[in-house]
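*Asks:*
In my numbering, the protein residues as written are 12 to 165.
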């Protein structure tokens, strides 16, 4: 009980300061990627402490208009269910897996791998099956092979 009271006081103070100062000067965006990791179970949504804080403290304040000029983006393969009271402030935006053209464009243009052949792009696409996380990991690794080595790197 004492811990909850302390958390409540800290949250109230943080959001009061944020609401008064930060959002008055600029737009604030909270980005939460891989949100499915905030469930303690794979089969059904079972919120962990982070999800409970995000939902109960941050998102509830956004929904109730207590944080102006603020936006939260939850991105993930799975999200918790939100009730009808959230309909005015939540909008789902489904994302599709990358196509082979997307994979080639991402690796060549965003990762500086312009020398990849179409066959190599096809092989990489087959490996990641359009999954953005896997593509990012592969992109990180491939980018390391073409980046100039710094003598200070070790």
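Virtual Cβ for every residue (Gly too), placed ideally from N, Cα, C.
Which value, in whole angstroms, describes the spacing of the CA atoms of residue 130 and residue 145?
*Replies:* Straight-line Cα distance between these residues: approximately 18 Å.
*Asks:* Classify residue 156 as helix, strand or coil using the three-state DSSP reduction.
*Replies:* Of the three classes helix, strand and coil, the one that applies to residue 156 here is helix, per DSSP.
*Asks:* From the DSSP output, in three-state form, read off residue 128 for me.
*Replies:* Residue state, collapsed to three classes: coil.
*Asks:* Name the residue from 74, 107, 67 and 86 whose alpha carbon lies nearest to the alpha carbon of residue 98.
*Replies:* Among 74, 107, 67 and 86, the Cα nearest to that of residue 98 belongs to 74.
*Asks:* Just to confirm the assignment: which complete beta strand (DSSP E) runs, minimum length 3, are found wholly within the segment 77 to 139?
*Replies:* Runs of the beta strand (DSSP E) inside the segment 77 to 139: 81 to 85.
*Asks:* If you measure between the beta carbons of residue 44 and residue 86, is that distance less than 7 Å?
*Replies:* Against a cut-off of 7 Å, the Cβ pair of residue 86 and residue 44 comes out as a contact.
*Asks:* Starting from residue 42, trace the beta strand (DSSP E) in both directions and tell me its first and last residue.
*Replies:* Looking at the DSSP string, the run of the beta strand (DSSP E) that includes residue 42 is 39 to 43.
*Asks:* Touch check for the segment 102 to 119 and the segment 145 to 157: three-plus C-beta pairs under 8 Å?
*Replies:* Enough Cβ pairs lie closer than 8 Å, so yes.
*Asks:* Residue 137: buried (16+ other C-beta within 10 angstroms of its C-beta) or exposed?
*Replies:* That one is exposed.
*Asks:* State yes or no: is the C-beta of residue 56 within less than 7 Å of the C-beta of residue 91?
*Replies:* Yes, they are a contact pair.
*Asks:* Please state if the CB of residue 33 and the CB of residue 39 are separated by a distance shorter than 7 Å.
*Replies:* For residue 39 and residue 33, yes; Cβs fall inside 7 Å.
*Asks:* Which term fits residue 125, buried or exposed, when burial requires 16 or more other beta carbons within 10 angstroms of its beta carbon?
*Replies:* Label assigned to residue 125: exposed.
*Asks:* For residue 139, I'd like the list of residues in its chain whose CB is within less than 6 Å of its CB, leaving aside the five on either flank, ordered along the chain.
*Replies:* So the qualifying residues of the chain are 145 and 146.
*Asks:* Give the C-beta separation of residue 42 and residue 100 to the nearest angstrom, bearing in mind that I take them to be a contact with Cβ-Cβ under 8 Å.
*Replies:* Rounded, the Cβ-Cβ distance is 17 Å, inconsistent with contact.
*Asks:* Going by C-alpha to C-alpha distance, which of 68, 23, 89 and 95 sits closest to residue 48?
*Replies:* Among 68, 23, 89 and 95, the Cα nearest to that of residue 48 is on 89.
*Asks:* Using a 10 Å radius around the Cβ and a threshold of 16 neighbouring Cβ atoms, would you call residue 132 buried or exposed?
*Replies:* Residue 132 should be labelled buried.
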